[in-house]
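Counting the sequence shown from 1 gives a position; this note's numbering is that position plus 55. Cβ atoms here follow ideal geometry from the backbone N, Cα and C, with glycine treated the same way. Report on the following structure.
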Amino acid sequence: MKNPLARPGAPAPGTRLCALDDIDEPGAKGFLFGRGADRFDMFLVRKNGAVRAYVNECPHAFTPLETWPDKFLTLDEERIICSTHAALFRIEDGYCTSGPCAGKSLIPIPVEVVAGEVRIGHARANHS
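Here it is as structure tokens:
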């Protein structure tokens, strides 16, 4: 898979995204970097003490997943949902379990939590 951080507008490794406490447990938070052709849209998901990040792009329609800011999770907060076609994704790995893109996955972004802050990790890092 191509490195998502090589896309135009993507934040550099080490970029501070937010304080860990800025994300509900469980919860999600979106981030937008750049504009126009250099726009990079991503989100964080926090659940069971882990923080994961994904490119905010449905693998079916290539549109942002949320309709309302930071509303990436199902009502029971057990899965990520695409508001366009109701595709459902596992939080732990972004794999689509149902909907028009079943069997495909969201593009992961490496993140790390350092001293209570969520930062962009290095391309080879695992999710924290």
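Distance, residue j Cα to residue i Cα
i      : j      : result
Val169 : Phe98  : 18 Å
Ala141 : Pro124 : 16 Å
Pro66  : Pro114 : 21 Å
Lys102 : Glu133 : 9 Å
Asp148 : Pro163 : 8 Å
Asn58  : Ala178 : 7 Å
Tyr150 : Arg107 : 13 Å
Gly64  : Thr152 : 30 Å
Leu72  : Glu167 : 10 Å
Glu121 : Gly89  : 18 Å
Simplified DSSP state of residue i, which is helix, strand or coil
i      : result
Leu75  : helix
Leu60  : helix
Ala178 : coil
Ala92  : helix
Lys126 : coil
Ala170 : coil
The beta strand (DSSP E) enclosing residue i, as first and last residue numbers
i      : result
Thr118 : That residue, Thr118, is in no beta strand (DSSP E); it is neither H nor E in DSSP.
Ala108 : 105-110
Ser160 : Careful: Ser160 lies outside any beta strand (DSSP E) and carries neither H nor E.
Arg101 : 95-102
Ser138 : First-last for Ser138: undefined, no H or E at that position.
Thr70  : Premise fails: Thr70 is in no beta strand (DSSP E) and is neither H nor E.
Cys151 : 151-153
Integer Cβ distance of residue i from residue j, believed to fall under 8 Å
i      : j      : result
Val100 : Phe127 : 7 Å
Phe144 : Leu161 : 6 Å
Pro68  : Gly176 : 6 Å
Contact between the stretch 156-171 and the stretch 86-96 (3+ Cβ pairs under 8 Å): no
Meets three-Cβ-pair contact criterion under 8 Å: the stretch 69-82 and the stretch 115-122: no
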